[in-house]
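Asker: Chains as they are written, first to last, in my numbering: chain A, 1 to 549; chain B, 1 to 549.
Okay, handing you the structure first.
Number of protein chains: 2
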Amino acid sequence: MKYLIIGGVAGGATTAARLRRLDENCEIVMFERGEYISYANCGLPYYIGGTIEDRDNLFVQTPETFGQRFNLDVRNLSEVTAIHPAEKKVEVKNLRTGEVYTESYDKLVLSPGAEPVKPPLPGIHQEGIFTLRNVPDTDKIKQYIEERKPRHAVVVGAGFIGLEMAENLHQAGLDVTIVEMAEQVMTPLDYSMAALVHQHLKTKHVEFFLNTAVSSFSKSKGRLEVTLNTTRKIETDMVILSIGVRPDSRLAKAAGLELGQTGGIVVNEFLQTSDEHIYAVGDAIEFTNPITQTKMITYLAGPANKQGRILADNLVKGHHRVYKGSVNTAIAKVFDLTVASTGVPGKMLGKLNIPHTDSITHASSHAGYYPGALPMTVKISFSPEDGRLLGAQIVGYDGVDKRIDLFSTAIQHGATVYDLAEIEHAYAPPFASAKDPVNIAGMVAQNILEGVTKMVSWREISADSDGEYYLLDIRTPDEYQLGSMEGAVHIPLDELRDHLDEIPRDKKVVPFCGVGLRAHVACRILSQHGFEEVYNLSGGLKTYETATQ
Amino acid sequence: MKYLIIGGVAGGATTAARLRRLDENCEIVMFERGEYISYANCGLPYYIGGTIEDRDNLFVQTPETFGQRFNLDVRNLSEVTAIHPAEKKVEVKNLRTGEVYTESYDKLVLSPGAEPVKPPLPGIHQEGIFTLRNVPDTDKIKQYIEERKPRHAVVVGAGFIGLEMAENLHQAGLDVTIVEMAEQVMTPLDYSMAALVHQHLKTKHVEFFLNTAVSSFSKSKGRLEVTLNTTRKIETDMVILSIGVRPDSRLAKAAGLELGQTGGIVVNEFLQTSDEHIYAVGDAIEFTNPITQTKMITYLAGPANKQGRILADNLVKGHHRVYKGSVNTAIAKVFDLTVASTGVPGKMLGKLNIPHTDSITHASSHAGYYPGALPMTVKISFSPEDGRLLGAQIVGYDGVDKRIDLFSTAIQHGATVYDLAEIEHAYAPPFASAKDPVNIAGMVAQNILEGVTKMVSWREISADSDGEYYLLDIRTPDEYQLGSMEGAVHIPLDELRDHLDEIPRDKKVVPFCGVGLRAHVACRILSQHGFEEVYNLSGGLKTYETATQ
Ligand SMILES: Cc1cc2nc3c(=O)[nH]c(=O)nc-3n(C[C@H](O)[C@H](O)[C@H](O)COP(=O)(O)OP(=O)(O)OC[C@H]3O[C@@H](n4cnc5c(N)ncnc54)[C@H](O)[C@@H]3O)c2cc1C
Ligand SMILES: Cc1cc2nc3c(=O)[nH]c(=O)nc-3n(C[C@H](O)[C@H](O)[C@H](O)COP(=O)(O)OP(=O)(O)OC[C@H]3O[C@@H](n4cnc5c(N)ncnc54)[C@H](O)[C@@H]3O)c2cc1C
Ligand SMILES: CC(C)(COP(=O)(O)OP(=O)(O)OC[C@H]1O[C@@H](n2cnc3c(N)ncnc32)[C@H](O)[C@@H]1OP(=O)(O)O)[C@@H](O)C(=O)NCCC(=O)NCCS
Ligand SMILES: CC(C)(COP(=O)(O)OP(=O)(O)OC[C@H]1O[C@@H](n2cnc3c(N)ncnc32)[C@H](O)[C@@H]1OP(=O)(O)O)[C@@H](O)C(=O)NCCC(=O)NCCS
């Protein structure tokens, strides 16, 4: 059996290694257009920022070591320029010599990855404007910083990688301005969660413009000038374009393979393309989102690695291992913050008309009585019918990664919010609380589902121009003194039972506190004393203030 | 409806709070023998060690604040001395006044917790010998340390809490000696995992005696003398007895409630005891282990809290919420180490004759190329029939808590090792690797199940006196130079294919490396070149050396 693999990094190299482990006798040729294979794409921003000091650390394998260990024919600087499915051949260009040759296959594996989107804006090809995808891109950026000593950079696009770059440029000593077309950074988050990131960026003196697009780039007095659609101009020394990526499916398209509506290569559950001898993995494939059943592309290294291994199994032992799809679990460090999401955010569920209920809670990374506990904000979306978890987002500091993995696993297993309430986490004071943030998210959701509690969102409250809601601050006098919501009446929780007469019965009453916990107790007291329309403000004052600031 | 609750801490207070939230009109009386309610038992060792500086931080609620907020009749310093199920009454002793009275109930909730085991050893009532269960115990120990300035302490019993105490006494400036009857610390771990803790204790200069019991205590020249069954004597200034706890089920027993074989109060899935009006939660109940189906007691705060909430729901809304049992997920910080376990350890599965396969892997807390990555050792046990995960143990530093929670959740959901291999964790370099330690554990187990790999344990190798196994060190020459296994032959992995003739075909060949990853590649090469008996050393040289040292 002769396998050709196009692409020598996450998906390609993993497929090759597992193929060899399963079949010592097959022939494997791995083509990589670039000089390097098997490198840590995800580490590139940190090498630019200096956190990863040694460039060699970026390479897991070299063509030689990898070829030797796995008895592979690794051809770097070799671009596959065409696929001829009918003849089961590919055309390859040796980028060292310019030579073009063909190579035949029994089975072909595509893992060509994605390419950065570069919109055709005036001046986009100026020197000092970069995209970041691979090692040469990285070397160029690093060299530019070292040689030109830029003082300021503009990052266009505030996705996960854009923000990692903002942090790392800042870390490298540059002042950074972010320009983002959406109303928020990090689109996989809902607005109220992204707002926490906005707050944090401010404390780090990172300038950012939301709802703003770049209209052109130009040179002015030796510096770059970035013109925004707001007509504002930013003078800068370098630009990182981080607007997004698209699947590198040109070869597949030219070969007549079926592409999907997203532009990705269509594969079945065995990772086979529309041609029976051609398979594909990684950033280039389109797959069904197991939650929404819509088509999507997952631009993540974990899934690419997992797909590579599943694919090798299917190639060697026949189609038996099913790829179930990704739930898009992603995380980024953004300065001191950790930002993570899994599943589908509320706003996307809304767009897709998928019934869902959202709930925001705040919790602590570990027991509050043990030093060093830090806050985190959790937002989950779940089915109002059966409580199935559909998505989760977390913004915090320590321990965010742990909880997002639990949510992700819960989603993967089709778990409900009832299951969340009962997840048995490991508890000792340095690591968690007796009720984990994941449990609390589940408990609150369960209360919503079972009608124990009704919730109102910060959006509904802030849109309430005609005083439909009666806002009741039930915090302590000390807390109230420091400021409250406009028009709120103050009755401390522990005196509530004695002041029920003062609360109107013909309004929607919204007791609120810092995060929603005490308000929950207040809601229960009021509901059971005959108040019919009582709502807890989801996420409490903390979310309201963050989102409306 | 009138509820009486016995016990005012984890299970009792949680039941009370949720009861009130669900039913504003019922009558709730909570009896607590001690002065304090709702305190952080789990924080007590850290207050003794000084990590938690402020004693007030130990209290979540006081009787007054809790009573006020939840409209409860909280009676502290009130011991329930008898239950009369036939009359639905309890007898209460007011410990302030000595007064004894009865109180009637509609429903009674027991959450009396557990009590430390104090074996009847000669001299055990000497001054300076302590157990730790509650705030008064803590105050006594703290005061003793402050006033007597002891230089040395003996901790008897090396369970989770014993080791927490050892660390905290060390932190408070004392030299510590641990005495443990078993061959290892922390019995929920298998020996090879506990051996990592033994190593660590040595680096911290904590003396410990395994396979050793205390036979008596005495006073000598103003100090305590601890005599061991090895006839050795240890002079010390104080002793912490941390031998274990047993359910405080005396009241229940006297009242004729059914106790189980463990001595715990028998409850059904709705947490109802053998008397239909009496319910119980927490450390005092016996429940079925969902993995082994045997009876057990869970001495953990998370389950106690969860049970309390489930119980309140069942009391107010009728029996509808089922308690599914705990998988015993536990964690402890032991100096710089984190030690965690969930499910059932291999040795216990063995004792219960439950078919199981074990696998040890080593992985990194996050991507190795990003600074600060630390190692962790993972051991899992799974069913050889269907791959269902039965137990997991982890010893490491950073990120142990995250992975044990994933394993625990997997066990709770009946997941298999195949599911582990596909858990979609959040990956960015500061938080994980493209393949998470949990994935790797799953992948290796999957290889075992599917016959891709055969494993041999450190125990089998170290018991091999007649040279049944051919040990093949496949590491680099540099690594080999630093020392290898006795009798091992050296052929570096990347030269293996050229030296196949040198390897005997009539022996069990065991290629090994540091952790098992490269040996896996070697095993695959050998198996496919006609070697029939090839075994990977589970956990590699690292586990072998740790366990046999
Ligand atoms: C800066 C950066 C940071 C990232 N951070 C994270 C992160 O934190 N977490 C995460 O999960 N993911 C992250 N990712 C995404 C992750 O790296 C990708 O999802 C993953 O690498 C996809 O694997 P792949 O095999 O599909 O593509 P790649 O790993 O990109 O490999 C594709 C390879 O194919 C080669 N190729 C393409 N066409 C041809 C051809 N015709 N002939 C020969 N060779 C060809 C390309 O040169 C390329 O090297 C990051 C990506 C980048 C760029
Ligand atoms: C030092 C220490 C550290 C711990 N660390 C951890 C940890 O890190 N993680 C973890 O998960 N668990 C830990 N635990 C265990 C955890 O605290 C218990 O599992 C949990 O508190 C059990 O809850 P409970 O309600 O059953 O019992 P408790 O919380 O102990 O409450 C029982 C209460 O009932 C009272 N009582 C008993 N009998 C009567 C009576 N007749 N009349 C009136 N009152 C009565 C007792 O005085 C006691 O206050 C630790 C325990 C200790 C002691
Ligand atoms: C590293 C790379 C070449 C793939 O190699 P790989 O051999 O599949 O991956 P690893 O080195 O992690 O080894 C995993 C294998 O070792 C096995 N293994 C790991 N630890 C083991 C242990 N202790 N005992 C036995 N086997 C072990 C695993 O089961 C797996 O083998 P399998 O697939 O046959 O089951 C490829 O993933 C790569 O190029 N990665 C870098 C690029 C990348 O992913 N970039 C994006 C992220 S930054
Ligand atoms: C604290 C204690 C008194 C119980 O009180 P509790 O009110 O049940 O627990 P919490 O304060 O965590 O509040 C949880 C409640 O608030 C709700 N809640 C939490 N955050 C919320 C939010 N943001 N919005 C709305 N509701 C929220 C939860 O849903 C839950 O209510 P429910 O049970 O009605 O669903 C009891 O657990 C206790 O005494 N603990 C200390 C003792 C102990 O556990 N020791 C062992 C560990 S050291």
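For every residue, glycine included, the Cβ atom is placed at its ideal position computed from N, Cα and C.
Note that this is a predicted model, so its numbers are computed, not measured.
Would you mind giving the Cβ-Cβ distance between B:Ser274 and B:Glu258, rounded to the nearest angstrom? I have them listed as a contact below 8 Å.
Answerer: One-based indexing of the second sequence puts residue 274 of chain B at position 274. One-based indexing of the second sequence puts residue 258 of chain B at position 258. That pair is a contact at about 4 Å.
Asker: At the level of alpha carbons, what is the spacing between B:Asn268 and B:Gly260?
Answerer: Residue mapping note: residue 268 of chain B aligns to position 268 of the second sequence, counting from 1. Residue mapping note: residue 260 of chain B aligns to position 260 of the second sequence, counting from 1. Rounded to the nearest angstrom, the two C-alpha atoms are 12 Å apart.
Asker: Would A:Cys42 count as contacting chain B if we go by Cβ distances under 8 Å?
Answerer: As a first step, residue 42 of chain A is located in the first sequence; it is residue number 42 there, counting from the start. It does; some Cβ of chain B falls within 8 Å.
Asker: Check this for me: beta carbons of B:Ile474 and B:Phe512, under 8 Å apart or not?
Answerer: Counting from 1 along the second sequence, the entry for residue 474 of chain B is found at position 474. Counting from 1 along the second sequence, the entry for residue 512 of chain B is found at position 512. The answer is yes: Cβ separation under 8 Å.
Asker: Quick one: Cα of B:Val334 to Cα of B:Val197, how far?
Answerer: Position 334 of the second sequence, counting from 1, holds the residue named residue 334 of chain B. Position 197 of the second sequence, counting from 1, holds the residue named residue 197 of chain B. One C-alpha to the other measures close to 8 Å.
Asker: Beta carbons nearer than 9 Å to chain A: which residues of the stretch 255 to 269 of chain B have them?
Answerer: Those would be none; no residue qualifies.
Asker: Between which two residues does the beta strand (DSSP E) harbouring A:Asp473 extend?
Answerer: Residue 473 of chain A sits at position 473 when you count from the first residue of the first sequence. In the DSSP annotation of this structure, the continuous segment of the beta strand (DSSP E) that includes A:Asp473 starts and ends at 469 to 473.
Asker: Taking contact to mean at least 3 C-beta pairs separated by less than 8 Å, is the stretch 535 to 543 of chain B in contact with the stretch 454 to 465 of chain B?
Answerer: yes
Asker: Ordered along the chain, which non-local residues of its own chain (more than five positions away) have a Cβ less than 7 Å from that of B:Pro303?
Answerer: As a first step, residue 303 of chain B is located in the second sequence; it is residue number 303 there, counting from the start. The answer, listed in chain order, is Ser326.
Asker: Going by Cα to Cα distance, which pick from A:Val100, A:Arg151, A:Leu163 is closest to A:Leu337?
Answerer: In the first sequence, the residue the question calls residue 337 of chain A occupies position 337. Nearest to A:Leu337 by C-alpha distance, out of A:Val100, A:Arg151, A:Leu163, is A:Leu163.
Asker: For the 8 Å Cβ check, are there 3 or more pairs between the stretch 344 to 361 of chain A and the stretch 184 to 202 of chain A?
Answerer: Note that the stretch 344 to 361 of chain A touches the stretch 184 to 202 of chain A; at least 3 beta-carbon pairs, one per stretch, sit closer than 8 Å.
Asker: For A:Ala421, which option in B:Thr416, B:Thr409, B:Ala428 has the closest C-alpha, if you only look at C-alpha atoms?
Answerer: Here residue 421 of chain A corresponds to residue number 421 of the first sequence, with the count starting at 1. Checking every option, the nearest Cα to that of A:Ala421 belongs to B:Thr409.
Asker: Exposed or buried, which one is B:Gly442 when buried takes at least 16 other CB atoms within 10 Å?
Answerer: The residue labelled residue 442 of chain B in the question sits at position 442 within the second sequence. With 16 or more Cβ atoms within 10 Å of its Cβ, B:Gly442 is classed as buried.
Asker: Output the distance between the C-alpha atoms of A:Ala434 and A:Leu311, rounded to the nearest integer angstrom.
Answerer: The residue labelled residue 434 of chain A in the question sits at position 434 within the first sequence. The residue labelled residue 311 of chain A in the question sits at position 311 within the first sequence. Looking at the two C-alpha atoms, the distance is approximately 41 Å.
Asker: So does B:Asn41 have its beta carbon nearer than 7 Å to some heavy atom of ligand 2?
Answerer: The residue you call residue 41 of chain B lines up with position 41 of the second sequence. Correct: B:Asn41 has its Cβ closer than 7 Å to ligand 2.
Asker: So for B:Ile354, helix, strand or coil by DSSP?
Answerer: In the second sequence, counting from the first residue as 1, residue 354 of chain B sits at position 354. Correct three-state label for B:Ile354: coil.
Asker: I'd like to know whether the C-beta atoms of B:Arg309 and B:Thr14 end up nearer to each other than 8 Å.
Answerer: Along the second sequence, one-based indexing puts residue 309 of chain B at 309. Along the second sequence, one-based indexing puts residue 14 of chain B at 14. For B:Arg309 and B:Thr14, yes; Cβs fall inside 8 Å.
Asker: Could you tell me whether any Cβ in chain B is nearer than 8 Å to the Cβ of A:Ile5?
Answerer: Counting from one through the first sequence, the residue named residue 5 of chain A turns up at place 5. By this cut-off, A:Ile5 is not an interface position.
Asker: Could you tell me whether the Cβ of B:Asp405 comes closer than 8 Å to any Cβ of chain A?
Answerer: What you label residue 405 of chain B is simply residue 405 of the second sequence in a count that begins at 1. True, the Cβ-Cβ gap to chain A drops below 8 Å.
Asker: Would B:Gly414 be called buried (16 or more neighbouring beta carbons within 10 Å of its own) or exposed?
Answerer: For this step, residue 414 of chain B is matched to residue 414 along the second sequence. Classification for B:Gly414: exposed.
Asker: Going straight from the alpha carbon of B:Pro63 to that of B:Val74, what length do you get?
Answerer: The count along the second sequence starts at 1 and reaches residue 63 of chain B at position 63. The count along the second sequence starts at 1 and reaches residue 74 of chain B at position 74. Rounded to whole angstroms, B:Pro63 to B:Val74 spans 6 Å at the Cα level.
Asker: For ligand 2, is there a heavy atom less than 7 Å away from the beta-carbon of B:Leu163?
Answerer: One-based indexing of the second sequence puts residue 163 of chain B at position 163. Checking the Cβ of B:Leu163 against ligand 2 gives no.
Asker: So for A:Leu271, helix, strand or coil by DSSP?
Answerer: Along the first sequence, read from residue 1 onward, the residue named residue 271 of chain A stands at position 271. Three-state DSSP puts A:Leu271 in coil, outside helix and strand.
Asker: Give the secondary structure of A:Glu286 by DSSP, where H, G and I count as helix, E and B as strand, and everything else as coil.
Answerer: Position 286 of the first sequence, counted from the first residue, corresponds to residue 286 of chain A. Looking at A:Glu286 - three-state DSSP - the assignment turns out to be strand.
Asker: Expressed to the nearest angstrom, what Euclidean distance is found between the alpha-carbon atoms of B:Gly399 and A:Lys295?
Answerer: Reading the second sequence from its first residue, position 399 is the one you call residue 399 of chain B. Reading the first sequence from its first residue, position 295 is the one you call residue 295 of chain A. Each residue's Cα considered, the two are about 33 Å apart.
Asker: Which first and last residues belong to the alpha helix (DSSP H) in which B:Ile141 is found?
Answerer: What you label residue 141 of chain B is simply residue 141 of the second sequence in a count that begins at 1. Looking at the DSSP string, the run of the alpha helix (DSSP H) that includes B:Ile141 is 135 to 148.
Asker: Out of A:Tyr323, A:His362, A:Asp494, A:Leu496, which has the shortest C-alpha to C-alpha gap to A:Val444?
Answerer: As a working note, residue 444 of chain A is residue 444 in the first sequence. With distances taken between Cα atoms, A:Val444 lies closest to A:His362.
Asker: At a cut of 8 Å, does the stretch 32 to 40 of chain A reach the stretch 151 to 171 of chain A through at least three beta carbon pairs?
Answerer: no
Asker: Quick one: give me the first and last residue of the beta strand (DSSP E) that A:Ile243 is part of.
Answerer: By one-based count along the first sequence, residue 243 of chain A stands at place 243. Counting along the chain, A:Ile243 falls outside any beta strand (DSSP E), and DSSP gives it neither H nor E.
Asker: Mind pulling the chain B residues with CB within less than 8 Å of A:Thr51?
Answerer: Start at 1 with the first residue of the first sequence, and residue 51 of chain A comes out as number 51. Within 8 Å Cβ-Cβ: Tyr370, Pro371.
Asker: Quick check: does the Cβ of B:Val334 come within less than 7 Å of any heavy atom belonging to ligand 6?
Answerer: Among the ligands modelled here, namely ligand 1, ligand 2, ligand 3 and ligand 4, ligand 6 does not occur.
Asker: Starting from B:Met485, follow the beta strand (DSSP E) in both directions and report where the run begins and ends.
Answerer: Against the second sequence, residue 485 of chain B aligns to sequence position 485. That residue, B:Met485, is in no beta strand (DSSP E); it is neither H nor E in DSSP.
Asker: Measuring only the C-alpha atoms, how far is A:Glu27 from A:Asp401?
Answerer: Locating residue 27 of chain A in the first sequence gives position 27, where the first residue counts as 1. Locating residue 401 of chain A in the first sequence gives position 401, where the first residue counts as 1. In a straight line, the C-alpha of A:Glu27 is about 40 Å away from that of A:Asp401.
Asker: Identify every residue that forms a DSSP beta bridge with B:Gly396.
Answerer: For the purposes of this step, residue 396 of chain B is taken as the residue at position 396 of the second sequence. For B:Gly396, which the question treats as bridged, DSSP gives the partners B:Thr338, B:Met376.
Asker: Name the DSSP bridge partner or partners of A:Thr298?
Answerer: Taking the first sequence and counting its residues from 1, one reaches residue 298 of chain A at position 298. Partner(s): none; A:Thr298 has no beta bridge.
Asker: Quick test of your reading: A:Ile52 and B:Tyr427, contact by CB under 8 Å. State the CB separation rounded to the nearest angstrom.
Answerer: Counted from its first residue, the first sequence places residue 52 of chain A at position 52. Counted from its first residue, the second sequence places residue 427 of chain B at position 427. Incorrect: roughly 16 Å between the Cβ atoms, too far for contact.
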